[in-house]
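Protein chains in written order, with our numbering: chain Z, 24 to 222; chain L, 24 to 222. Note that the Cβ used here is the ideal one computed from N, Cα and C, for glycine as well. Note that the coordinates shown come from a computational prediction; the quantities given were computed from them, not determined experimentally. Here the structure comes first, spelled out in structure tokens, and everything after it is commentary.
2 protein chains.
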Amino acid sequence: MDTRTPRRRVGRAEREQQILDAALAVFSERGFQNASMDVVAERVGVTKPVLYTHFGSKDGLLLACISRARAELLEVTTTAAAAADGPEEMLRRGTRAFFDYLERQEPAWTLLYSESTVAGEALEGIRAQQTDFIAALLSTQAPDADPQQLEGWAQVIVGACERLAIWRGSNRSVTSEQATEYLMDLAWTGLARMTPVSE
Amino acid sequence: MDTRTPRRRVGRAEREQQILDAALAVFSERGFQNASMDVVAERVGVTKPVLYTHFGSKDGLLLACISRARAELLEVTTTAAAAADGPEEMLRRGTRAFFDYLERQEPAWTLLYSESTVAGEALEGIRAQQTDFIAALLSTQAPDADPQQLEGWAQVIVGACERLAIWRGSNRSVTSEQATEYLMDLAWTGLARMTPVSE
DNA sequence: GCGGTAACTTACCACGAGTAACTTACCTGC
DNA sequence: GCAGGTAAGTTACTCGTGGTAAGTTACCGC
Numbered sequence: 024m025d026t027r028t029p030r031r032r033v034g035r036a037e038r039e040q041q042i043l044d045a046a047l048a049v050f051s052e053r054g055f056q057n058a059s060m061d062v063v064a065e066r067v068g069v070t071k072p073v074l075y076t077h078f079g080s081k082d083g084l085l086l087a088c089i090s091r092a093r094a095e096l097l098e099v100t101t102t103a104a105a106a107a108d109g110p111e112e113m114l115r116r117g118t119r120a121f122f123d124y125l126e127r128q129e130p131a132w133t134l135l136y137s138e139s140t141v142a143g144e145a146l147e148g149i150r151a152q153q154t155d156f157i158a159a160l161l162s163t164q165a166p167d168a169d170p171q172q173l174e175g176w177a178q179v180i181v182g183a184c185e186r187l188a189i190w191r192g193s194n195r196s197v198t199s200e201q202a203t204e205y206l207m208d209l210a211w212t213g214l215a216r217m218t219p220v221s222e
Numbered sequence: 024m025d026t027r028t029p030r031r032r033v034g035r036a037e038r039e040q041q042i043l044d045a046a047l048a049v050f051s052e053r054g055f056q057n058a059s060m061d062v063v064a065e066r067v068g069v070t071k072p073v074l075y076t077h078f079g080s081k082d083g084l085l086l087a088c089i090s091r092a093r094a095e096l097l098e099v100t101t102t103a104a105a106a107a108d109g110p111e112e113m114l115r116r117g118t119r120a121f122f123d124y125l126e127r128q129e130p131a132w133t134l135l136y137s138e139s140t141v142a143g144e145a146l147e148g149i150r151a152q153q154t155d156f157i158a159a160l161l162s163t164q165a166p167d168a169d170p171q172q173l174e175g176w177a178q179v180i181v182g183a184c185e186r187l188a189i190w191r192g193s194n195r196s197v198t199s200e201q202a203t204e205y206l207m208d209l210a211w212t213g214l215a216r217m218t219p220v221s222e
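This is how it looks when you write it as structure tokens:
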């Protein structure tokens, strides 16, 4: 039984798991920047240098937390996609598995995706501007869509544009015209029209 | 001429612009977290407390930088869209204006979008996993698409999923099934099939 | 010239990341 | 069962940086 606090001297692997669990909790509660190493250490029941002997730095600790989640996410989505036949169902099931996984593992994905920084919050404001504008635009194209659907579509477009912009930042050979057409290919035309193997 | 350093006592509005320019440069060069207020102050040619009397905090200074860019971005995209008739052309021109603006104002968008944090870098690794996987999936659907096009499409889907996930985080009434379908609506079916006003 | 005020500086605090040097629990061989 | 080596852990610090209090000085109106 572990009713007694096991006091000192815990094995290396076990301590590492304890630390990762505590770090994930603390980081997702307070945000990475606002979380101090001392708080993580305190929650584990050790002192700060212990964290450093195991993970080297605050960044190293964060990376270790992320690595666990990363492997799981890839596994979950690929298996889901593999269980389907045909690209449409593969895309659908993989996407669905992605959302379901994030829902189950909320602390981890909060850590990853929702920036608790000021820049992140400011970005959310910009995105709200964009989604409002695009949802309004889309309502002229699909007048019978309900508001949530329109907003969902707008989120898709905004997310896609943002990602394409970052991609262009590290891949200068992509012109802004090409990026625009890639967006239009999917959002407007749809993959279903893309000379499929069979339809 | 400004060959002589204008030494002390600059007007309030003028100083604020100087500070914003310097801050934007320093933040985008070194990343927000790695940039110190002293460095920004030094580049302006004043001392740190001056920054605080003008902008209150490091976060406040960042917000002020972002606000300038935000207004411009909205203006540029809405005017571009307004110059077109019909939702398809509006979407295309607005998107194009978005990419072009980011290209012109590189330091600002680098600041905004490319996280220079460790979490950001780790995320890029995860995204690379996802885009590789999705590009492979898409190549079965569109065998005659070139590799860059496939990757562009994959970026669109990954960005869309990420954004939908964050949206769900602040909007719990959206089920994972609905999110999946919003993605499929655009990526697979395409807006063109959405009972348009005319085609 | 002569205040008065806004711009600016010096000199500091607080707090958190990271580290060096020391201490102690546990296991191992005899 | 006891010496002693080693891994686990602690204390007590440094250093960098965000933020501030209190003092100083240039400029403007009179």
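Item                                                                                                                                                                                       : Value
Between the Cα of Ala177/Z and those of Ser162/Z, Leu74/Z and Phe55/Z, spot the shortest distance and give me the residue it belongs to.                                                   : Ser162/Z
Within the chosen definition, does the segment 114-121 of chain Z reach the segment 62-74 of chain L through at least 3 CB pairs nearer than 8 Å?                                          : no
So which residues on chain Z does Met60/L lean against when the C-beta distance must stay under 7 Å?                                                                                       : Ordered by position in chain Z, no residue passes the 7 Å Cβ test against Met60/L, which lies about 14 Å from the chain.
Out of Thr133/Z, Arg191/Z, Leu135/Z and Arg127/Z, state which residue places its alpha-carbon closest to the alpha-carbon of Thr198/L.                                                     : Arg127/Z
Taking Thr154/L as the reference, which of Ala183/L, Arg32/L and Pro166/L has the closest Cα?                                                                                              : Ala183/L
Quick one, which of Gly83/L, Gly213/L and Val181/L has its alpha-carbon nearest Ala151/L's?                                                                                                : Val181/L
Is it the case that the segment 45-53 of chain L contacts the segment 128-139 of chain L, given that we only count it when at least three CB pairs across the two stretches are under 8 Å? : yes
Check distances from the C-beta atoms of the segment 66-87 of chain L to those of chain Z and list, in chain order, the residues that come in under 8 Å.                                   : Asp82, Leu85 and Leu86
Is any heavy atom in the ligand NAP found nearer than 7 Å to the beta carbon of Arg66/L?                                                                                                   : With respect to the ligand NAP, the structure offers nothing, as it holds no ligand at all.
Mind pulling the chain L residues with CB within less than 7 Å of Glu126/Z?                                                                                                                : Ser199
My guess is that Trp211/Z and Glu111/L are in contact by the Cβ rule of under 8 Å, so how many angstroms apart are they, rounded?                                                          : 6 Å
What residue range does the alpha helix (DSSP H) around Arg115/L cover?                                                                                                                    : Pro110 to Arg127
Can you check whether the CB of His77/L is closer than 8 Å to the CB of Glu39/L?                                                                                                           : yes
On a Cα-Cα basis, can you pick out the residue from Val73/Z, Leu160/Z and Phe55/Z that is closest to Gly34/Z?                                                                              : Val73/Z
Using Cβ-Cβ distances below 9 Å, what residues of the segment 175-188 of chain L are close to chain Z?                                                                                     : Gly175, Trp176, Gln178, Val179, Ile180, Val181, Gly182, Ala183, Cys184, Glu185, Arg186, Leu187 and Ala188
List, in chain order, every chain L residue whose beta-carbon is nearer than 8 Å to that of Ser137/Z.                                                                                      : Ile189 and Gly192
Residues of chain L with CB under 9 Å from Glu37/Z, in chain order?                                                                                                                        : Within chain L, no residue comes near Glu37/Z; the closest Cβ sits about 25 Å away, beyond 9 Å.
On the criterion of 16 or more Cβ atoms from any shown chain inside 10 Å, does Lys81/Z qualify as buried, or is it exposed?                                                                : buried
Select from Ala159/Z, Leu214/Z, Phe156/Z and Pro166/Z the residue whose C-alpha is nearest the C-alpha of Ile157/L.                                                                        : Leu214/Z
At what residues does the alpha helix (DSSP H) containing Ala168/L begin and finish?                                                                                                       : Element bounds for Ala168/L: n/a, residue is neither H nor E.
Quick check on Glu197/L: does DSSP put it in helix, strand or coil?                                                                                                                        : Before going on, a small fix: residue 197/L reads as Val here, not Glu. Reduced to three states, the DSSP call for Val197/L is coil.
Going by beta carbon distance, what residues of the same chain come within less than 8 Å of Ala104/L, once the five residues before and after it are set aside?                            : Met113, Leu114, Arg116, Gly117 and Ala120
Ile89/L versus chain Z: which residues are under 9 Å apart at the beta carbon?                                                                                                             : Val141, Ala142, Ala145, Leu146, Gly148 and Ile149
Just to confirm before moving on: does the CB-CB distance between Leu187/L and Val179/Z stay below 8 Å?                                                                                    : yes
Please list, in chain order, the chain L residues whose beta carbon lies closer than 7 Å to that of Arg53/Z.                                                                               : Within chain L, no residue comes near Arg53/Z; the closest Cβ sits about 14 Å away, beyond 7 Å.
When the Cα of Leu160/L is compared with those of Ala107/L, Gly148/L and Glu174/L, which residue comes out closest?                                                                        : Glu174/L
Go through its chain and collect everything with a Cβ distance to Ser139/Z's Cβ below 6 Å, but skip five positions before and after it.                                                    : Gly54
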